[in-house]
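Below you'll find the structure, written out as structure tokens, and then a few comments.
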Amino acid sequence: MTNEKKILSLPTRQRREAQAAEWVTKLDADTVSAIDRARFDQWMSSSEKNRECYYRIAKAWSALDDLEELQHLAESDDVAELLKQNRRQSRKIVQSIGAMAAMLIIGFSTWVALPYLNTQTYKYEAFISTAVGEMQNIQLPDGSLIKANTNTHLVIHYSKNSRDINLLRGEAFFEVAHAPDRPFSVVAGDRQVRAVGTAFNVRLREAKLAVTVEEGRVALINKKAMLVQNKNPENNAAQELTQISAGQRAVFDTDIEELEVLQAENLQRRLSWRNGILSFSGEPLSFMISEVSRYSNVEIEIADESLKDMPVAGYFKVGEVDAMLEVLDLMSDVTIERIDQNKVRLTKK
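The structure is reproduced here in structure tokens:
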């Protein structure tokens, strides 16, 4: 029975390694298309095993400098011959590369490390993931900084000509090092935020992107329009929805849905999560509960509809659900009912 399971699992692993090797070779080119980039993001986000396999092979690949060095690693002349064939047979090449990369990784397990950086070509790849209640600071090779909020997934793609961040889930704050020749873009689905040197916050929520700018200026782009633009260079203007600058916040999907100017105090309150603080000033109780719940696995149910729109104010440390509940308990209109360790119900007195 054990042998049968091993036999059945091999094709899946081999396919994954071949796919990962193909993505490594495809992304190694600066001419990768937006469509391929979107397909890669979908492939990466569909499986943890896909991500692990990709980074293992990418690490091995980066140590090889170029394809020609594979000839010295081959145990027969077959691989060397494959490398000399024309591009129409690239699938066979990447399958061989995938198998060889897998052997390299098995032999040198210490190579399994993230991220990888090729200083000669400016290439840098990394996958960043934070758990519920966790935050993480990431310093990038160009000097840019990322602060990832709770329950956030990011894929970083750096090349010689661009700096791309794919936000798969959650929220992050970006301090972008100035480099006009290498645009810095944050992509989430069909939505894109592009900057050169600035500081801004991006949050993906309910298929919409909320962008808050602290410094500088960013462009908000509809990626579907950009795909059209790639086919017709004359459609340059169609891809950009608008630009927003310091002190502005926008929410957009296929179009701009919200646009507001924030006073300095409100701007810092919006970004207070970076310091581990959640700040509220007159927002509905339902909004406060949803924000606090992002940092905890405790489920908080508002059983009485009339409580949802009740305005609330206060400062709370992220993850301190009990402190928030104690404050609510002091309010005359709210009763706290603890169902179990991970569930709380709010009712009206």
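Residue numbers (full-length UniProt numbering): 1 to 349. The C-beta atom is built at its ideal place from N, Cα and C for all residues, glycine as well.
Check, Outcome
"Sequence-distant residues of its chain with Cβ nearer than 8 Å to T349 (five each side left out)", "First, the residue type needs correcting, since residue 349 is Lys and not Thr in the sequence shown. If we look at K349 and ignore the five residues flanking it on each side, its Cβ neighbours are S332, D333, V334, T335."
"V292 classed as buried or exposed, judged by whether at least 16 other C-beta atoms fall within 10 angstroms", "buried"
"Element boundaries [alpha helix (DSSP H), containing L307]", "First-last for L307: undefined, no H or E at that position."
"First and last residue of the uninterrupted alpha helix (DSSP H) at N266", "264-270"
"Span separating the alpha-carbon of I300 from that of L209", "25 Å"
"Segment contact flag, the segment 165-174 with the segment 185-204, C-beta cutoff 8 Å, min 3 pairs", "yes"
"Alpha-carbon spacing of L307 relative to N161, whole angstroms", "52 Å"
"Check: S144 C-beta below 7 Å from any heavy atom of the ligand NAD", "In the structure shown, the ligand NAD is absent, as is every other ligand, since no ligand is present at all."
"Where Y55 sits in the DSSP three-state scheme", "helix"
"Contact under 8 Å by Cβ, L285 with M310", "yes"
"Inter-residue Cα distance where the pair is R203 and F252", "11 Å"
"Selection from I302, G314, K317 that minimises the alpha carbon distance to R338", "I302"
"Cut-off 6 Å between Cβ atoms - residues of its own chain near L140, not counting five sequence neighbours on either side", "none"
"Exposure of N149, with buried meaning 16 or more beta-carbon neighbours within 10 Å", "buried"
"Classification of V213 by the beta-carbon crowding that lies within 10 angstroms, buried from 16 upward", "buried"
"Which residues DSSP lists as bridging H153, in chain order", "S129, R169"
"Exposed unless 16 or more other CB atoms sit within 10 angstroms - verdict on S47", "exposed"
"DSSP three-state assignment for N50, whether helix, strand or coil", "helix"
"Helix, strand or coil at R37 [DSSP, three-state]", "helix"
"Own chain partners of N151 with C-beta closer than 6 Å, once the 5 adjacent residues on each side are dropped", "V132, G170"
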